[in-house]
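Counting in my numbering, the sequence shown runs from 194 upward without gaps.
Just below is one structure, and these are the notes that go with it.
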Amino acid sequence: MTTHAVYDEIRSGIDRLNDFELSTHDFSEPRERIAHADRVHFIGCGSSYWTGVIGQYASFQSGIDATAHAASEYLFAGPPITEETVVVAYSQSGETSETVTAARRAKEGGAVVIGITNSADSTLGSVADEILVTPAGTEKAVLATKTVDAALMLTFSLLESKYSEYTPSELQRTCRNVIDQDFQAAVAVLAEAKTLYTLGQGIEYGLAGEAATKFGEGALLHTTALPTPEISHGPIANAAGEPALVIATRESKSSLTSEVVSKLRDAGVITIVLRRPTNDYGGDISIKLPSRSPDHPIVPLKILQSLTYKTAVKKGYNPDDPPELSKHIEWSALG
């Protein structure tokens, strides 16, 4: 079987999880800044934005007032910034125009800027008050996979989130198991689809957004991410005959998810539910986490990455060369 660089990067992201034990010893100062902030803003573009959304929900769990913003909207909408504001700016390359310009404007407004990137020698690195370099290394594939893993793990450590309590070996073992699952039934449906709704609640809404980004970039599906119940406020009428991917791995019991899945099926929507084996929401197709899977977002994230890759290959696309996708985009108007 022919593999691609993105497949290798999906696996590499798992292999590098051990590196985070070595990268958390110098976080005392940025942690202190966040602890004394009156608000935290996460900014980024594409996958970096959805990393910030996940960071926002992880912040809520830690009692931190946080908001995720698309960097372009942060730049032009102008949310309030004070000297007690901390801005966490994500950019894989450290050169994304919207993110760098927004970070610079925030710093000019008095905010403390923490940059999370793969490269210390970048424009974002020169702007930020603190620059945190992930241990992901250079990503050869255009689709961001292991760099998202790294940014998330670094964020959880920065926030001292409950997710940073899991040992890397525990997460690695589970992630290796889940990406080797047989996704044939789901891939067969997704490969024939034209549109895809991705749904999740809380931190899993962030995962749904990242899934939508990946399926749009890699498998060329027209994708929309929504909080799970939101699809019933109109969009469900557009989804008949097409799939919806419901991410529901964290809920021990949720009648709401079951009700939404039931409504989707009644409307002729093909439901693919990513869930724990103990929770059966009545979907058409189930993708199950291992029975003792850690309650950690990295596990469903690796499934979503693998599912995107396999769908792209099934459709005959080269996942290493997605059309109109670049590692970073620069706008001369923001120079």
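Using N, Cα and C, we set each Cβ at its ideal position, and we do this for glycine too.
It should be emphasised that the depicted structure is a prediction, and the values quoted were computed from it without experimental measurement.
Identify whether residue i lies in helix, strand or coil by the three-state DSSP scheme.
i: residue 399; result: helix
i: residue 226; result: helix
i: residue 235; result: strand
i: residue 246; result: helix
i: residue 309; result: strand
i: residue 404; result: helix
i: residue 463; result: strand
i: residue 286; result: coil
i: residue 275; result: coil
i: residue 212; result: helix
i: residue 493; result: helix
i: residue 474; result: coil
i: residue 257; result: coil
i: residue 447; result: coil
i: residue 196; result: coil
Give me the Cβ distance between residue i and residue j, rounded to the nearest whole Å; I'm assuming they're in contact under 8 Å.
i: residue 205; j: residue 341; result: Between residue 341 and residue 205 the Cβ distance is about 12 Å, and since that is not below 8 Å, they are no contact.
i: residue 382; j: residue 478; result: 7 Å
i: residue 351; j: residue 257; result: The Cβ separation is near 11 Å, so there is no contact.
i: residue 329; j: residue 343; result: 4 Å
i: residue 236; j: residue 245; result: 6 Å
i: residue 502; j: residue 411; result: 7 Å
i: residue 422; j: residue 398; result: That belief does not hold up - the Cβ atoms of residue 422 and residue 398 are roughly 11 Å apart, past 8 Å.
i: residue 396; j: residue 250; result: 4 Å
For residue i, count the other beta carbons within 10 Å of its own beta carbon; 16 or more makes it buried, fewer makes it exposed. Which is it?
i: residue 311; result: buried
i: residue 531; result: Residue 531 falls outside the range modelled here, since the chain spans only 194 to 528, and no answer is possible.
i: residue 472; result: buried
i: residue 234; result: buried
i: residue 269; result: exposed
i: residue 207; result: buried
Opposite residue i in the DSSP bridges: which residues?
i: residue 157; result: This structure leaves residue 157 out entirely; the chain is present only between 194 and 528.
i: residue 481; result: 468
i: residue 280; result: 234, 306
i: residue 262; result: 236
i: residue 441; result: 468
Does residue i have its Cβ less than 9 Å from a Cβ in chain C?
i: residue 417; result: No chain C appears in the structure shown, which is made up of a single protein chain.
Contiguous beta strand (DSSP E) assignments of at least 3 residues, all confined to the segment 407-439:
415-420
Quick one: complete beta strand (DSSP E) runs, 3+ long, within the segment 315-396?
Counting whole runs of 3 or more residues, the segment 315-396 contains the beta strand (DSSP E) stretches 323-326, 388-393.
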